[in-house]
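J.:
Residue numbers (full-length UniProt numbering): 1 to 701.
Now the structure itself:
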């Protein structure tokens, strides 16, 4: 038993090995056939060789033997602290702060640290702009709190000074199309700019006059000239905000509040100049002075009315100037607010105009109500899902490089997963990403129908689609979700192979990316290696789709050499035609000669049998011994003489025949029972029916 089991195991191993060899031989044969039939196949390597710039960088050289790698040093620098029974790892932030090095150059457009610093500069600027008028007009600065005001003033001056010494001299700039980051060049560029002159004026040391005239806040008025930092901060902040219009509305409102703030300060100063409570027009000195003056400024600038009439010439001139300034400032604020709100709702306005124009067009041509509702639904979903009706209109203003960067971030992760494009040139895929266009399908919309010509490939960005099939064409075969791809074979199929094989319907709202066959062909002109690879992959995918699925054998099937196939039907028909119809050739001529000889022998035998039966008369019965001697049939010397041609022979004369009872059958057989002759009397007189039968053995012979 052990010997038998070992033999069976070895035979199983041999069978497995033989099957592997047969499989390898088949694969090799298919590759050779493909090379012979397809001229585009040049090598077994399917992936084109990438350019040196696209290849992965070489591995870093190993560190010298005397030095340790940086990763090991980083691990050694980790610090741990023990607390109770556990050990926690903490970051040495203090060491990081100590070892921090300020950058030698700063990009003002993208550096967030610079935007944060501008925020502090703008805070210092706002302190000076808002509180210098208040300290000058209202009696809020007293000898008791003067040191607090001075502390904040000099803190703002320190921020101004740091901005000049540390940040402004490190800002990069563009000269002749090149980004300059040299320290000396950046410093010289700042010193020659208009901003440096304004920054110097802002820090004029007028505070030394405090020793002569006292602490007068008006001496700090030059600090308000650092307005360039404020507008630069607005630009940088709007560039990084997703909803910049909100900040614009807040900024415009701040402009209006500041104008009212300055007007209230001027009104209190005018009241103090005329004397508090001296007339009905001035401030009477009761309540909160700033709130009451601010209320008067609001009623004056917005021209609400209901104010007391001015009495003196100074009051009349002040009120006139106040009215003119208020009307001008208020109209400017209203116009700027309208522009801000209009810019914030520009997209919504464009959407409504397109929607109204489409509805007007459909009503003019009396489009059915169901179609109009579907169009409205498409407009609403497209706008709410992507915030625009056509993405290409937004990206058309950008250069090709920026459009490519956006397309890579949005679509590359999906397209790179398509099996058809794996192994292709990376740059070809980048060019293809720029040709993708986004389309939104409504629920139950047909993406493609069975039998139509396929000219597009679809990539599902959002939503789901269902592939329908079956006898009724409504059975859901599969549901494709976001990230799936279908229709890619149609891009390269030819010769009728690019017809859709099933119906694809949108299940709910679906956002798809579409790549046209024409766009792909224009791209492949510049990438011949990728074109060959795609052509081979498309052919292989078509063969796999069209190949019928064979039934898999059981685990016990180990047939190495398959049974010999039967003779092809076409060859069988040719042989039959050559034998039965009498085709040309030696074989057909020989078969015809043999059949003719057999027919002559059968006729001679029938003649001899008929003569024997007629000579015996009615006493002959089937099974009797009065038959033709077997020696005559078996003797080789006995050969029947063929009759002469009917042309040279006279017609036989009628001879008297023996009387045979009607309906009686006379049978004569040969000695080997291969030939049987039957003779039956016919209903009519002088007529008999003679038949000869040859057995199957004789026919086979």
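Ideal placement from N, C-alpha and C gives every residue a C-beta, glycine not left out.
What you are looking at is a predicted structure, and each value in this text was computed from that prediction instead of being measured.
Since residue 279 is in the alpha helix (DSSP H), which residue starts that stretch and which ends it?
T.: Run containing residue 279: none; DSSP gives neither H nor E here.
J.: By the three-class DSSP mapping on this structure, what secondary structure does residue 765 have?
T.: This structure leaves residue 765 out entirely; the chain is present only between 1 and 701.
J.: Taking DSSP as the reference, what is the three-state secondary structure of residue 106?
T.: strand
J.: Which runs of the alpha helix (DSSP H) at least 4 residues long sit entirely within the region 96-178? Give them in chain order.
T.: Qualifying alpha helix (DSSP H) stretches, in chain order: 112-137, 146-162.
J.: Would you kindly check if the distance between the Cβ of residue 420 and the Cβ of residue 488 is under 8 Å?
T.: yes
J.: Using only the alpha-carbon positions, how far apart do residue 526 and residue 438 sit?
T.: 25 Å
J.: So which of 116, 157, 343, 481 has the shortest CA-CA distance to residue 206?
T.: 157
J.: The alpha helix (DSSP H) spanning residue 406 covers which residue range?
T.: 400-415
J.: Just to confirm, is the Cβ distance from residue 160 to residue 226 under 8 Å?
T.: In contact: residue 160 and residue 226 (Cβ atoms closer than 8 Å).
J.: Tell me the start and end of each unbroken beta strand (DSSP E) in the UniProt domain "Cyclic nucleotide-binding" (420-524) that is at least 3 residues and wholly inside, in chain order.
T.: Within the UniProt domain "Cyclic nucleotide-binding" (420-524), the complete beta strand (DSSP E) runs of at least 3 residues are 437-441, 446-448, 456-469, 475-480, 503-516.
J.: What's the C-alpha gap between residue 325 and residue 131?
T.: 21 Å
J.: What runs of the beta strand (DSSP E), each 3 residues or longer, lie entirely inside the region 219-245?
T.: none
J.: Does the region 418-433 come close enough to the region 466-482 to have 3 or more Cβ pairs within less than 8 Å?
T.: Too few Cβ pairs lie closer than 8 Å, so no.
J.: Quick check on DSSP: helix, strand or coil for residue 382?
T.: Here DSSP, grouped into helix, strand and coil, assigns residue 382 to helix.
J.: Mind checking residue 21: buried by the 16 CB within 10 Å criterion, or exposed?
T.: exposed
J.: With distances taken between CB atoms, is the gap from residue 388 to residue 372 smaller than 8 Å?
T.: no
J.: Excluding sequence positions up to five away, which residues of its chain have a Cβ less than 8 Å from the Cβ of residue 270?
T.: 282, 314, 315, 318
J.: Reducing DSSP to helix, strand and coil, say where residue 286 ends up.
T.: coil
J.: Give me whichever residues DSSP pairs with residue 180 in a beta bridge.
T.: 173
J.: Are the CB atoms of residue 241 and residue 247 nearer to each other than 8 Å?
T.: yes
J.: Excluding the five sequence neighbours on either side, which residues of its own chain have a C-beta within less than 7 Å of the C-beta of residue 14, listed in chain order?
T.: Nothing listed; no residue qualifies.
J.: Using three-state DSSP, classify residue 397 as helix, strand or coil.
T.: coil
J.: Which value, in whole angstroms, describes the spacing of the CA atoms of residue 474 and residue 468?
T.: Residue 474 and residue 468 have their C-alpha atoms spaced approximately 5 Å apart.
J.: Do residue 224 and residue 129 count as a contact pair if the criterion is CB distance below 8 Å?
T.: yes
J.: So what's residue 311 in DSSP terms, helix, strand or just coil?
T.: coil
J.: Buried or exposed for residue 184, please, with buried defined as at least 16 other CB atoms from any protein chain shown within 10 angstroms of its CB.
T.: Taking all protein chains shown into account, residue 184 has fewer than 16 neighbouring C-beta atoms within 10 Å of its C-beta and is therefore exposed.
J.: Short of 7 Å in beta carbon distance, which residues of its chain neighbour residue 118, apart from the five on each side in sequence? Order them along the chain.
T.: 229, 232, 233, 236
J.: Whole angstroms are fine: how far does the CA of residue 605 sit from the CA of residue 613?
T.: Because residue 613 carries a pLDDT of 48, less than 50, the predicted location of this residue cannot be relied on, and the following value inherits that uncertainty. Straight-line Cα distance between these residues: approximately 12 Å.
J.: Taking residue 107 as the reference, give the member of 174, 311, 364, 397 with the closest Cα.
T.: 174
J.: Quick one: residues in its chain with C-beta nearer than 6 Å to the C-beta of residue 277, no 5 flanking neighbours on either side, listed in chain order?
T.: 284, 285
J.: May I ask you to verify whether the region 512-531 touches the region 457-464, counting CB pairs closer than 8 Å and requiring at least 3?
T.: yes
J.: Could you check where the alpha helix (DSSP H) with residue 211 kicks off and where it finishes?
T.: 210-213
J.: Can you list, in chain order, the residues of its chain with a C-beta nearer than 7 Å to that of residue 355? Leave out the 5 residues immediately preceding and following it.
T.: 379
J.: Would residue 137 and residue 273 be called neighbours here (beta carbons separated by less than 8 Å)?
T.: no
J.: Could you spell out where the alpha helix (DSSP H) holding residue 357 opens and where it closes?
T.: Where residue 357 is concerned, the enclosing alpha helix (DSSP H) stretches over 346-364.
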